[in-house]
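Heads up, the sequence shown is in the numbering used here, so the first residue is 1 and it goes up one at a time.
C-beta: ideal position from N, C-alpha, C; glycine also.
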Amino acid sequence: MPVLPEPSFKVGDFTKNQSNMESKELHLTQFHLILLMFYLFISGCAQKISPVSSENPQWKTQLQGQTAWHARGKLAFISPQERQSANFNWQLSNNKQHLILTSFIGTRLLELTEHQNHSELIYDGTTYKDDNSSALIKRLSGFTLPMGQAPNWLTATVKNDSNEYDAQHRLTATKWVDPQGQVWRAKYQKYKLYDQMWLPTRMVLTQKDLTVKLQLNEWQF
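Structure (structure tokens):
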């Protein structure tokens, strides 16, 4: 009877290979465990660094002293009759405002510039002048904005006995009366730290049946 050749591997070799594979799997498991622990450690550190911990204790005083800033975002005018939306580019320099409203496709709707003794508004290619920015915007575009008080309500630095604040002393609700005797109310829904100062990023203005929603995407000082 012919002799069958011996197998090219032995049981011992198989056991050895299996042991090597188990060793590699163990090392991979340990490596993945180390990565997981490192990720959890980093995540834990990130969670401990809260916005409050980096807050400037004097942020409110510092913010009230600002005479120059630049904000960008979106706003929507909502009334029972209509709804209008626009992007805005809003600047304050030496306590004078410069506001540009554009459509969502980039078409410029209006540009308002405040000067020492009057305001100028470019609308539909024509320049108009008035000593009241709010009246100028309302008369030409139909938009109603309390421009005279904007540097305060936009930065949430309105001073009023009825002000409401959260645990971080950020304004959550306020009201004021504009020069025309209209009562405006503001609610602040969201804040973010900019230059160690709390600035609103989402707010709602109301005046009678008019609602103005603002989303502030960027602040610069």
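Measure how close the beta-carbons of I78 and K213 come, nearest whole angstrom, since I'm counting them as under 8 Å. Within the sequence shown, numbered from 1, the residue matching residue 78 stands at position 78. Within the sequence shown, numbered from 1, the residue matching residue 213 stands at position 213. Contact flag correct, Cβ pair sits at about 7 Å.
Return the Cβ separation of A71 and W219 in integer angstroms, given the expectation that the two are a contact with Cβ distance under 8 Å. Looking up residue 71 in the sequence shown gives position 71. Looking up residue 219 in the sequence shown gives position 219. At roughly 5 Å, the Cβ-Cβ gap stays under 8 Å, so A71 and W219 are in contact.
Pull up the CB-CB distance for A86 and L75, whole angstroms please, since I reckon it's below 8 Å. Along the sequence shown, read from residue 1 onward, the residue named residue 86 stands at position 86. Along the sequence shown, read from residue 1 onward, the residue named residue 75 stands at position 75. A86 to L75, Cβ: 6 Å. Contact.
In angstroms, rounded to a whole number, what distance separates the CA positions of N217 and E120? Mapped onto the sequence shown, residue 217 falls at position 217. Mapped onto the sequence shown, residue 120 falls at position 120. So the alpha carbons of these two residues sit roughly 26 Å apart.
What would DSSP say about T157, mapped onto helix, strand or coil? Against the sequence shown, residue 157 aligns to sequence position 157. T157: coil per DSSP, three-state reduction.
Give the range of the alpha helix (DSSP H) segment to which Q207 is assigned. Numbered from its first residue, the sequence shown carries residue 207 at position 207. No alpha helix (DSSP H) contains Q207, which is instead part of the beta strand (DSSP E) from M197 to Q207.
Please report the distance separating the alpha-carbon of G73 from that of A156. Walking along the sequence shown from the start, residue 73 turns up at place 73. Walking along the sequence shown from the start, residue 156 turns up at place 156. The alpha-carbon atoms of G73 and A156 are separated by roughly 16 Å.
Which whole runs of the beta strand (DSSP E) in the stretch 97-153 are 3 residues long or more, in chain order? 108-114, 119-123 and 126-130
By Cβ distance, which residues of its chain are closer than 6 Å to K96, with the 5 residues on each side in sequence left out? If you number the sequence shown from 1, residue 96 lands on position 96. Taken in chain order, the residues that qualify are E114.
According to DSSP, G73 sits in a beta bridge with which residue or residues? Counting from one through the sequence shown, the residue named residue 73 turns up at place 73. DSSP lists F88 and L216 as partners of G73.
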